[in-house]
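Trainee:
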């Protein structure tokens, strides 16, 4: 049975701005919850005033409408302020969402009953260093990828764990992934599927050439350091965002972030494994699902 964790009173419903039906659905959900006594604000996920209100701690739950990309962006926004996140799937895969679009009317009343649990997902803090200067930091829910840019030529990625040399990968890229990210890019290159609340770092290379071609699971609390050795373009990409240029000798470090994404779940913990087979069998992005 889901644990009873209390009731939410101040809810923000945020829609992906590029989904045509999302704004109207967002307004309907807001009206539905307001009619049941909740204080609800709704808007577009990337609206700056909405983001400021979330960062100011005005809400105690976010409901995000979209696909997994929407959930990643919402997670980035919610985690620093400890705001629980409920996803309604208007996208393709829906690995991270909890409710299908046609199910929310029958499911949302359970918010009022407290019949839910919070599933905590680790984030990674990724840092870009140039010599001894910290250039940038990101908190990522899926992964940080370090690899080649437009030039189709592998890069050398000198990799250390907790200050000790591990290996030098010659590969298109190296993925440092969370358990959440184990069903994303890491899965696409043959990595293992990890239980969602595991707090470890998964390392797996993309197209390694005469290098370690097996995934490595680091112990909880580890720090991985990836130094780029290349004479051509190299980049880092946090959670699939636009790539950031890396110079020869730059390094990216990744370790467990202080922030945690809290997904609100109505299903029991076994949902994750029940959903694996349908997702594996039919990729909705191909248009071939039955």
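Numbering (this note's numbering), first residue to last: 147 to 436. Using N, Cα and C, we set each Cβ at its ideal position, and we do this for glycine too.
Apart from the five residues on each side of it in sequence, which residues of its chain come closer than 7 angstroms, Cβ to Cβ, to residue 304?
Mentor: Result list for residue 304: 314, 373 and 375, in chain order.
Trainee: Go ahead and label residue 241 buried or exposed: buried means 16 or more other beta carbons lie within 10 angstroms of its beta carbon, across all protein chains shown.
Mentor: buried
Trainee: Starting from residue 285 and walking both ways along the beta strand (DSSP E), at which residues does that stretch end?
Mentor: 279 to 286
Trainee: Applying the criterion that 16 or more other CB atoms from any shown protein chain within 10 Å of the CB defines a buried residue, is residue 360 buried or exposed?
Mentor: exposed
Trainee: Nearest to residue 261 by CA position, among 350, 341 and 153, is which residue?
Mentor: Closest option to residue 261, Cα to Cα, is 153.
Trainee: According to the neighbour-count rule (16 or more other Cβ atoms, all chains shown, within 10 Å of its Cβ), is residue 410 buried or exposed?
Mentor: Buried, since its Cβ has 16 or more Cβ neighbours within 10 Å.
Trainee: Using only CA atoms, which one of 234, 178 and 362 lies nearest to residue 160?
Mentor: 234
Trainee: Provide the residue(s) that pair with residue 313 in DSSP beta bridges, ordered along the chain.
Mentor: 305
Trainee: In whole angstroms, what separates the C-alpha of residue 249 from that of residue 289?
Mentor: Spanning the two alpha carbons is a distance of roughly 30 angstroms.
Trainee: Would you mind sorting residue 164 into buried or exposed? The rule is 16 or more other CB atoms within 10 Å of its CB.
Mentor: Looking at its Cβ environment, which holds fewer than 16 other Cβ atoms inside 10 Å, residue 164 is exposed.
Trainee: Does the count of Cβ pairs from the region 274 to 284 and the region 384 to 395 closer than 8 angstroms reach three?
Mentor: Because the criterion of three Cβ pairs below 8 angstroms is met, the region 274 to 284 and the region 384 to 395 touch.
Trainee: Within 10 angstroms of its Cβ, does residue 147 collect 16 or more other Cβ (buried), or is it exposed?
Mentor: Note that residue 147 scores 32 on pLDDT, short of 50, meaning its location in the model is unreliable; the coordinates nonetheless yield the value given after this. The residue in question, residue 147, is exposed, as its Cβ has fewer than 16 Cβ neighbours within 10 Å.
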